[in-house]
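The opening position of the sequence shown corresponds to residue 1 in UniProt numbering, with each subsequent residue numbered one higher.
Ideal placement from N, C-alpha and C gives every residue a C-beta, glycine not left out.
If you're wondering where the values come from, they're calculated on a predicted model, not measured in any experiment.
In what follows, a single structure is set out as structure tokens and then discussed.
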Amino acid sequence: MNVYEYVREYMSRYDCSHDFNHILRVLALAKQLLAEELKDNPWKKFHKPAIILAALLHDVGDKKYAQPGEDAEQLVSQLLSKNGCPPRFVAKVALIVQYVSYSGEIQRPQLVKAIIGAHPELAIVQDADRLDAIGAVGIGRAFAYGAMKAPARGLQGSIDHFVEKLENIESMMKTATGKRLAAERSRRLKEFRQWWEEEVGETTSCGS
1 MNVYEYVREY MSRYDCSHDF NHILRVLALA KQLLAEELKD NPWKKFHKPA IILAALLHDV
61 GDKKYAQPGE DAEQLVSQLL SKNGCPPRFV AKVALIVQYV SYSGEIQRPQ LVKAIIGAHP
121 ELAIVQDADR LDAIGAVGIG RAFAYGAMKA PARGLQGSID HFVEKLENIE SMMKTATGKR
181 LAAERSRRLK EFRQWWEEEV GETTSCGS
């Protein structure tokens with residue numbers, strides 16, 4: 001089974017906040033970011049196949065959804081090896097996939113910075129994944145994830161997630177295009193949250 005088919009089948013067990021459509025959006029964003037980076041900085045060196053495969057595979061084995069005994073690095077490495085990729089390339093893609101995570105960078109920022117220095121493709125895939133977490137699409141994904149994984153927190157819990165995580169994403173972008181796109185998507189997040197707070201405030205006032 002090739003990588004594209006494997007990921008499409010694997011992601012079918014996730015909810016719509018992390019489904020195959022999310023993967024396709026991240027892949028498209030990664031290609032866009034790569035093209036812009038090369039246009040602005042033609043001297044930069046990126047390995048495009050690594051970016052494409054890491055974008056496709058970045059949520060395989062995600063700890064939020066992984067079944068007992070599943071290991072993301074092992075799943076990715078085995079799949080790429082079975083598809084004939086050389087060991088050095090397999091290790092590169094697996095490393096990028098391992099450190100795409102937002103929480104992983106929060107916990108070990110200096111390590112992630114060092115990995116980006118050695119593998120700049122990580123910055124592209126990180127930015128692409130994080131862009132899909134904000135803006136109009138990010139709002140929809142936040143509510144979808146909350147409904148499936150944390151229903152007890154209610155709708156307000158998803159709004160709180162905006163402040164706790166999503167509105168911080170803009171400051172963590174690496175590429176120039178990623179920063180520009182994140183600024184607009186963050187504005188949409190904040191505007192939506194303001195509308196929410198106004199409407200919730202109105203209903204609270206009416207009930208008092």
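Return the chain-ordered list of same chain residues with a C-beta closer than 7 Å to the C-beta of residue i, the five sequence neighbours on each side being excluded.
{"i": "I134", "result": "L166, I169, A182, R185, S186 and L189"}
{"i": "L79", "result": "V3 and Y6"}
For residue i versus residue j, is the C-beta spacing smaller than 9 Å?
{"i": "R141", "j": "H22", "result": "yes"}
{"i": "Y65", "j": "H119", "result": "no"}
{"i": "A131", "j": "L57", "result": "According to the sequence as given, residue 131 is Leu; it is not Ala. No."}
{"i": "A128", "j": "L33", "result": "yes"}
{"i": "A176", "j": "E121", "result": "no"}
{"i": "K174", "j": "A123", "result": "yes"}
{"i": "I139", "j": "F192", "result": "yes"}
With a cut-off of 8 Å on the beta carbons, I'd call residue i and residue j a contact; round off their distance for me.
{"i": "V93", "j": "Q126", "result": "Not a contact, Cβ separation roughly 14 Å."}
{"i": "residue 209", "j": "A54", "result": "For residue 209 there is no data in the structure shown, the boundaries of the chain being 1 and 208."}
In angstroms with no decimal places, state the Cα-to-Cα distance between residue i and residue j.
{"i": "W195", "j": "G201", "result": "10 Å"}
{"i": "C206", "j": "E199", "result": "Annotation note: pLDDT 49 at C206 (below 50); position unreliable, coordinate value reported separately. Going from the Cα of C206 to the Cα of E199 covers about 11 Å."}
{"i": "M1", "j": "S12", "result": "15 Å"}
{"i": "M172", "j": "E197", "result": "26 Å"}
{"i": "R40", "j": "A136", "result": "Note that residue 40 is Asp in the sequence shown here, rather than Arg. Cα to Cα, D40 sits roughly 27 Å from A136."}
{"i": "G178", "j": "K31", "result": "12 Å"}
{"i": "Q74", "j": "Q110", "result": "24 Å"}
Assign residue i to one of two classes, buried (16 or more other C-beta atoms within 10 Å of its C-beta) or exposed (fewer than that).
{"i": "V112", "result": "buried"}
{"i": "L27", "result": "buried"}
{"i": "D72", "result": "Checking the displayed sequence, the identity of residue 72 turns out to be Ala instead of Asp. By the 10 Å Cβ count, A72 comes out buried."}
{"i": "Q155", "result": "The question names Gln, but residue 155 is Leu in the sequence shown. L155 should be labelled exposed."}
{"i": "G84", "result": "exposed"}
{"i": "E37", "result": "buried"}
{"i": "I106", "result": "exposed"}
Please list, in chain order, all residues of the same chain as residue i whose beta carbon is under 8 Å from its beta carbon, the five residues on each side excluded.
{"i": "A144", "result": "D15, C16 and S17"}
{"i": "H161", "result": "A142 and G146"}
Nearest chain D C-beta to residue i closer than 9 Å, yes or no?
{"i": "A114", "result": "You won't find chain D in this structure, because it holds only one protein chain."}
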